[in-house]
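Numbering (our numbering), first residue to last: 433 to 839.
The structure appears below as structure tokens.
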């Protein structure tokens, strides 16, 4: 059994999976709505069963691969396992999704209770109606059944899809008497800082880190995973149909990838070789760049300027298999990606290729331009890191225009 933990979080827009080990988050996976969570775990980790599976919130269990230990964790506790250590005292977590907003008070010992509203939360008492066939919306706690805190909470943490909306965050922050922050990784180097990390995925990322901590993995850096926050539970439920999933690579902050040299394995090429063919795809190696490493487990190659492997400029190329033909269902993969990224990706054309594109700001003065392409049964991702003051490099567009599956 592999020394890694998996977290699964059933959300209205789909099922999120995250895997973590001693080094932090390994990847995120978005699974189509309606997929039984246990079936999603089997499909992704059937060949590499986790030692622990953490069910976030009300996520059901089921027949899991490898008979792992199964633990539940409240959404609010999982959210607080990512990012900076909360200040001493009670913390209010607002989980704001498309089906409404749920307020939970988390005590210093990580016990949780429904909370009264200390802020004027837009939409809190008027949740968005559920789509036909979806689960009924959550009803926020009212004064009669909610906890109150003398003097108010020491911090308000905003999670869920709505917390990705800056206007909504400003409206909440302007009405709260306590400091407000958006859930997610604190800065570059945080073990949860991966592509797709943010308030909508904070709970599943935190749950995976908690599971890894229970396996004996020490989480480095600020906001260490707090052990003992989940109680043991037995698996329940039954198997379901094969899931329709979209794996989204959890590409770690690219600077960290370069620092951890032990991860950079593969067969580096010489400068100017023109093309790299590995892990089921081929891509151009631009003039003045070289194939400097990669990771076979993630079907990943790294390209860097020749002689400058530790500079700000870096291109990562990665392939993930789909369980369906994106050419036959052209709207499906972009829709699943949009659900994972909370609408941050936009359709664009780069080097003549149709891509889903978004920009990551790791907080270290660089920007990462992500380009996601779908080709038949493959998802191809090109991530291009650059200094924040520089425009996109021509080398990035060249790689995007050239990357193709090799079948």
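Glycine is no exception: its CB is placed at the ideal position from the N, C-alpha and C atoms.
When C-alpha distances from residue 769 are compared across 439, 757, 811, the shortest belongs to 811. Rounded to the nearest angstrom, the gap between the Cα atoms of residue 480 and residue 604 is 42 Å. The residue among 641, 484, 591, 718 with its C-alpha nearest the C-alpha of residue 456 is 641. Within the segment 703 to 749, the complete beta strand (DSSP E) segments of 3 residues or longer fall at 707 to 710, 713 to 716, 721 to 727, 732 to 737, listed in chain order.
Assignment of residue 638 by DSSP, reduced to helix, strand and coil, places it in the helix class. Secondary structure of residue 643 (DSSP, three-state): helix.
In the three-state scheme derived from DSSP, where H, G and I count as helix and E and B as strand, residue 523 is classed as strand. Per the DSSP secondary-structure output, residue 802 pairs in a beta bridge with 790, 815. Residue 713 and residue 837 have their alpha carbons spaced roughly 4 Å apart. Taking all protein chains in view, the Cβ of residue 778 is surrounded by fewer than 16 other Cβ atoms within 10 Å, so the residue is classified as exposed. Approximately 12 Å separates the beta-carbon atoms of residue 644 and residue 514; this is outside 8 Å, ruling out the contact.
Under the DSSP definition of a beta bridge, residue 481 lacks any partner. The alpha-carbon separation between residue 454 and residue 818 amounts to approximately 28 Å. Nearest C-alpha to residue 589 among 628, 627, 635: 635. Comparing C-alpha distances from residue 717 to each of 518, 465, 827 shows the shortest one belongs to 827. The DSSP-derived three-state label of residue 469 is helix.
In terms of Cα proximity to residue 587, the closest of 780, 808, 523, 732 is 523. Comparing alpha-carbon positions, the option among 492, 499, 478, 516 lying closest to residue 505 turns out to be 492.
The continuous alpha helix (DSSP H) containing residue 598 extends over residues 598 to 605. The C-alpha of residue 731 lies about 28 Å from the C-alpha of residue 443. Shown here, residue 624 sits in coil according to DSSP, grouped into three states, outside any helix or strand. Proximity of the segment 782 to 790 to the segment 798 to 806 meets the contact definition, three or more beta-carbon pairs being nearer than 8 Å.
Sorting 781, 720, 460 by C-alpha distance to the C-alpha of residue 737 places 720 at the top.
One thing to note: residue 460 has its Cβ no nearer than 9 Å to the Cβ of residue 646. Counting along the chain, residue 830 sits inside the alpha helix (DSSP H) bounded by residues 826 to 834. Around the beta-carbon of residue 598, fewer than 16 other beta-carbon atoms lie within 10 Å, marking it exposed. Boundaries of the alpha helix (DSSP H) harbouring residue 509: 507 to 512, taken from the DSSP string. Taking 9 Å as the cut-off, the beta carbon of residue 446 is found closer than this to the beta carbon of residue 464.
The straight-line gap separating the alpha-carbon atoms of residue 438 and residue 485 is approximately 5 Å.
Taken through DSSP and simplified to helix, strand or coil, residue 589 comes out as strand. A Cβ-Cβ separation of about 6 Å places residue 494 in contact with residue 468 under the 8 Å criterion. From the listed residues 448, 526, 533, the smallest Cα separation to residue 508 is found for 526.
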